[in-house]
Amino acid sequence: MQRFFWIFLGLIFLVGGCGYFQGKSTYNNMVVQQEAVEAQWGQVQNVYQRRADLIPNLVETAKGYAEFEQSILTDVAEARAQVGQLTVTKEVLDDPQALERFNNAQSALGNTLSRLLSVAENYPELKANSNFQALMVELEGTENRIAVERKKFNDAARAYNSFIKQFPNNLYAGLFNFEEVAYFRAEAGSEQAPKVSFD
Numbered sequence: 006m007q008r009f010f011w012i013f014l015g016l017i018f019l020v021g022g023c024g025y026f027q028g029k030s031t032y033n034n035m036v037v038q039q040e041a042v043e044a045q046w047g048q049v050q051n052v053y054q055r056r057a058d059l060i061p062n063l064v065e066t067a068k069g070y071a072e073f074e075q076s077i078l079t080d081v082a083e084a085r086a087q088v089g090q091l092t093v094t095k096e097v098l099d100d101p102q103a104l105e106r107f108n109n110a111q112s113a114l115g116n117t118l119s120r121l122l123s124v125a126e127n128y129p130e131l132k133a134n135s136n137f138q139a140l141m142v143e144l145e146g147t148e149n150r151i152a153v154e155r156k157k158f159n160d161a162a163r164a165y166n167s168f169i170k171q172f173p174n175n176l177y178a179g180l181f182n183f184e185e186v187a188y189f190r191a192e193a194g195s196e197q198a199p200k201v202s203f204d
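Quick look at the structure:
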């Protein structure tokens, strides 16, 4: 009888030890994937900052070569200021509404830039200016980087969200408060080509 007791006790320790190591491994994997999501979010913010830094130069160069409608330049400045007021923290990644507000501000900035660039087409002397051309190339490259970094963020978020939802990972995720992160989503109506009008 005593022998069975020791075997039973050994099995309990074995199962408990396996559970401990499984839990430790799962927790560590969740931490690594959460850090990957946050690092990729940092890259998204990095390219947004690059765009914000280019805008004042673009506006100043445009001002010097063309008599734009003042409202367009004002809209660009205001949209950039609105983006600059948003403080994006880790909590935003856990809040789909906050991420949507951030996305909307970035979309508004992109839309006003599109209007500025469309108007610039009417000024051949501006289009021929090497500073303006260089800024356009930088801005175009930045917009491409934004798209790439957003996709990478969504890939990292998908991997993390999938991992914390799988059984038994979901038990550990709930125990240690690992929450699902929001994805970047296309703006409503973004499948339609933008219409630019200055009437």
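In terms of my numbering, the sequence shown opens at residue 6 and continues consecutively.
Even for Gly, the Cβ is constructed at its ideal location relative to N, Cα and C.
Predicted, not measured: the structure shown is a model, and the values here were computed from it.
Would you tell me roughly how many angstroms separate the C-alpha atoms of A162 and N127, rounded to the nearest one?
-> If you number the sequence shown from 1, residue 162 lands on position 157. If you number the sequence shown from 1, residue 127 lands on position 122. Roughly 42 angstroms separates the two Cα atoms.
According to the Cβ coordinates, are T147 and V49 closer than 9 angstroms?
-> Start at 1 with the first residue of the sequence shown, and residue 147 comes out as number 142. Start at 1 with the first residue of the sequence shown, and residue 49 comes out as number 44. No.
D80 in three-state terms, based on DSSP = The residue labelled residue 80 in the question sits at position 75 within the sequence shown. Three-state result, D80: helix.
How should L180 be labelled, buried or exposed, when 16 other C-beta atoms within 10 angstroms of its C-beta is the threshold for buried?
-> Here residue 180 corresponds to residue number 175 of the sequence shown, with the count starting at 1. Flag for L180 reads exposed.
Where does V186 land, buried or exposed, given buried means 16+ other C-beta within 10 angstroms?
-> Stepping through the sequence shown from its first residue, residue 186 is reached at position 181. With 16 or more other Cβ atoms within 10 Å, it is buried.
What are the start and end residues of the alpha helix (DSSP H) that includes F2?
-> Since the first residue shown for the chain is 6 and the last is 204, residue 2 is missing from the structure and cannot be characterised.
Under a three-way DSSP split, which group does P173 fall into?
-> As a first step, residue 173 is located in the sequence shown; it is residue number 168 there, counting from the start. Of the three classes helix, strand and coil, the one that applies to P173 here is coil, per DSSP.
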